[in-house]
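Protein chains in written order, with this note's numbering: chain A, 172 to 401; chain B, 312 to 597; chain C, 60 to 354.
Remarks on the structure that follows.
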């Protein structure tokens, strides 16, 4: 391996701002996860709520969104919401499409967050709900104070999986015109420097491994630590 | 018990074999076609690489092919001794054109393929058969966009991975808002929907987009080209067809078919190719 | 836990409030829908000029059906490949040879961490640039290989946790009648684990099918890409995307339903738990703490 080769590859990494691309995906993941958590929790509450109509609406949302490819959702956001309905999230295109990417990721993964929380709710013993009712808590208070806190702790493993999926799926934001994220940058780099194809791919792949592994470890550690001993 | 495990594996293997026997379907073709499976070039047919998704230039329209590139390719192929039904059109996306020629996947490429020194190192070119220039497509009633300099503060759309939009940002209007979509037609809907002010790429591609039935009369090409793209016919380095292709192109220009092909494919858009450059004379073969 | 414990059956006042709430909810949803339809209408998106080319016989014959065939073809290859990959590497992770276990674990963890889209882009370029003579269809092969590596890794985890979740007595019984550990794994544990995980594999098929849509981004002629080629000529991206999306949703809903039915029918044929999983991370894997989900 001679110097020319190495310096050529290093120059490539600087020229294409690989770190900046990863930073974009991390930001997409962070905001997408926040949105998914909020929407997913609301959906989960809807699905276990006393109102049949709300339960039905939550179920319908989850079943439709879960069966739709994320690419389709992203493209719909740009073609439908932006182009036709005229919705803009920022006057600056860079941020506009970034936020569309976040919205797509958030609403898509919300259905998986909802299912994770429902699985968590199933780990809460009936006695807990009965106790909550016995001290006179109405549905929303019982859900907020007794059921959900325990359900979240039981749902940490699947929620962690969803977070990992969200991180990886943030590359699909490319379909919402976020063309400065990792997969688009990698594509451009390979197109212009095919001689370095293996090095380029491994750089990005290892970048993701480095991001994913701590999430996995943290999830396992937290789910063990926070698991409600029964 | 053991039998069952091996049975499952055998089942999987059989399924794999059965599946590999059925070939892929050709989008836009008659369905279930087998064109992509055969690797042989030459013989009775000629394989020509074109774009499949650029109306007006190379477009797979149902089970036939239309556009200016297709018309020139058909004319040239005929002069080379191949009738229309001996031509096999193959999709050649921009990023794969050199490889397709180098590895003999196609015999010629007519796909808005600009002649550049960089590309000449790996493939040969015949032609050019057209000289395009980067231009802007705007709404028919737009008057304030006259060229790339007037794009500051405007919204501009181009296709993903193209250099044309970046050129505007770097050389003409720093304050332009750029969006990239996977296809030009999505840019055009954003334009007709009012979310972008202009779409940029080569003028003849823009004219082809404006000429599609859905956009007739709604859009216009600004007509102030600011680059020079000389469309050539890509051929492999070892091809001996260059001279014959150049003669065919010259003949096409001579007998008026070239002119006819241009106007047929840009009908109703008021577009005329840059007259100083067109019709072009062909370069000498390497 | 049944959620009905959380609240009483509503009384007359509660029922009245529910009705009011329902009406308000429906009005809000309908209002938003109506607004969308009105805006789309003013933009001319309901014009027959746009819908007709998205729905006529030519669109189906030349675009949707070939696209769907390509989607199914990629998904079918990928599923078969992923099951084989999953069984091989899942058994690898259960091997008593440390080297085999280690190699299988690294491979499985690596391919689960790399985004599928990224693998598709890489393999497409790799086959296109360097293996053109060997690989006839780089885009198709790239889609299939990427799907196999990712979903195969997921299935490997299903196999491993499926075996681990069998009652211990199954393995012990195998050993006690004189089978070696490898024989016990192959003839006692694996067959039961495979049946137990079958519904989860069918659920994984939904993931395969959805992820095959990423092939659009490397110009593989699957359903979304063929809809894209169609609209590039007819200028109706929204309409063609709508048709393609409906096809995808119907297909995936059908698969989810099959997975559900399968889980119920197979539960009698194994000592493991059959579970179709929620479709993102089949719950067998969730119990094992291994991760799954994707798209």
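The beta-carbon is built from N, C-alpha and C at its ideal position, and this holds for glycine as well.
Values in this document were obtained by computation on a predicted structure and should not be read as measured data.
Under 9 Å by beta carbon: chain A residues contacting residue i
| i | result |
| --- | --- |
| residue 315 of chain C | 234, 237 and 238 |
Under the three-state DSSP convention, the category residue i falls into
| i | result |
| --- | --- |
| residue 596 of chain B | coil |
| residue 346 of chain B | Low local confidence applies: a pLDDT of 39 at residue 346 of chain B is under 50, so the model's placement there is unreliable, with the coordinate-based value given in what follows. Coil. |
| residue 278 of chain C | coil |
| residue 447 of chain B | strand |
| residue 360 of chain A | helix |
| residue 431 of chain B | helix |
| residue 332 of chain B | Per-residue confidence for residue 332 of chain B stands at a pLDDT of 44, beneath the threshold of 50, marking its modelled position as unreliable; the derived number appears in the next sentence. Reduced to three states, the DSSP call for residue 332 of chain B is helix. |
| residue 151 of chain C | helix |
| residue 426 of chain B | coil |
| residue 341 of chain B | Unreliable positioning characterises residue 341 of chain B in this predicted model, as indicated by a pLDDT of 40, which lies under 50. The coordinate reading is nonetheless provided below. Residue 341 of chain B: coil per DSSP, three-state reduction. |
| residue 484 of chain B | coil |
| residue 382 of chain A | helix |
| residue 183 of chain A | helix |
| residue 191 of chain A | helix |
| residue 382 of chain B | helix |
| residue 301 of chain A | helix |
| residue 352 of chain B | The pLDDT assigned to residue 352 of chain B is 42, lower than 50, so where the model puts this residue is not dependable; a value taken from the coordinates is nonetheless given after this. If DSSP states are grouped into helix, strand and coil, residue 352 of chain B belongs with coil. |
| residue 250 of chain A | helix |
| residue 308 of chain A | coil |
| residue 238 of chain C | coil |
| residue 176 of chain A | helix |
Beta-carbon neighbours of residue i, restricted to chain C and to distances below 8 Å
| i | result |
| --- | --- |
| residue 187 of chain A | Simply none; closest approach about 14 Å. |
| residue 243 of chain A | 272, 283, 300, 303, 304 and 307 |
Buried or exposed by the 16-neighbour rule on C-beta atoms within 10 Å, applied to residue i
| i | result |
| --- | --- |
| residue 377 of chain A | exposed |
| residue 263 of chain C | buried |
| residue 358 of chain A | buried |
| residue 247 of chain A | buried |
| residue 211 of chain C | buried |
| residue 350 of chain B | Residue confidence for residue 350 of chain B is low, a pLDDT of 40 falling below 50, so the modelled location carries little weight; the figure read from the coordinates is stated next. The residue in question, residue 350 of chain B, is exposed, as its Cβ has fewer than 16 Cβ neighbours within 10 Å. |
| residue 490 of chain B | buried |
| residue 410 of chain B | buried |
| residue 176 of chain A | exposed |
| residue 290 of chain C | buried |
| residue 106 of chain C | exposed |
| residue 328 of chain B | Annotation note: pLDDT 46 at residue 328 of chain B (below 50); position unreliable, no value reported. |
| residue 548 of chain B | exposed |
| residue 280 of chain A | buried |
| residue 363 of chain A | exposed |
Bridge-paired residues (DSSP) for residue i
| i | result |
| --- | --- |
| residue 545 of chain B | B:420 and B:436 |
| residue 531 of chain B | B:449 |
| residue 377 of chain B | B:370 |
| residue 388 of chain A | Residue 388 of chain A is not bridged to any residue. |
| residue 441 of chain B | B:542 |
| residue 365 of chain B | B:369 |
First and last residue of the uninterrupted alpha helix (DSSP H) at residue i
| i | result |
| --- | --- |
| residue 273 of chain C | Note, residue 273 of chain C: premise wrong, no alpha helix (DSSP H); not H, not E. |
| residue 264 of chain A | 264–292 |
| residue 469 of chain B | Unbroken run through residue 469 of chain B is the beta strand (DSSP E), 466–470; no alpha helix (DSSP H). |
| residue 221 of chain C | 197–223 |
| residue 108 of chain C | 107–114 |
| residue 494 of chain B | No alpha helix (DSSP H) contains residue 494 of chain B, which DSSP labels as neither H nor E. |
| residue 338 of chain A | 327–340 |
| residue 575 of chain B | 568–576 |
Partners in chain A for residue i, counting only beta-carbon separations shorter than 7 Å
| i | result |
| --- | --- |
| residue 295 of chain C | By Cβ distance, chain A contributes nothing, its closest Cβ being about 10 Å from residue 295 of chain C, past 7 Å. |
| residue 492 of chain B | 348 |
Chain-ordered neighbours of residue i on chain B, where CB pairs are closer than 9 Å
| i | result |
| --- | --- |
| residue 102 of chain C | 503, 504 and 505 |
Residue interval of the beta strand (DSSP E) (run including residue i)
| i | result |
| --- | --- |
| residue 306 of chain B | Outside the displayed span of chain B (312 to 597) sits residue 306 of chain B, for which this structure offers no information. |
| residue 400 of chain B | 398–402 |
| residue 358 of chain B | 357–361 |
Residue i: CB within 7 Å of a non-hydrogen atom of the ligand MG
| i | result |
| --- | --- |
| residue 505 of chain B | Here there are no bound small molecules, and the ligand MG is not part of this structure. |
Proximal chain B residues relative to residue i, where beta-carbon distance stays under 8 Å
| i | result |
| --- | --- |
| residue 352 of chain A | None at all; the shortest Cβ gap to chain B is about 12 Å. |
| residue 263 of chain A | 488 |
| residue 268 of chain A | 490 |
Interface residues of chain C facing residue i [CB-CB closer than 7 Å]
| i | result |
| --- | --- |
| residue 525 of chain B | 108, 109, 293, 294 and 295 |
Interface residues of chain B facing residue i [CB-CB closer than 7 Å]
| i | result |
| --- | --- |
| residue 278 of chain C | 404 |
| residue 255 of chain A | 504 |
| residue 187 of chain C | 407 and 410 |
Beta-carbon neighbours of residue i, restricted to chain D and to distances below 8 Å
| i | result |
| --- | --- |
| residue 499 of chain B | The question asks about chain D, but that chain is absent: this structure's protein chains are A, B and C. |
Contacts that residue i makes with chain A (C-beta to C-beta distance below 8 Å)
| i | result |
| --- | --- |
| residue 36 of chain C | In the structure displayed, chain C extends from 60 to 354; residue 36 of chain C sits before or after that span and is not available. |
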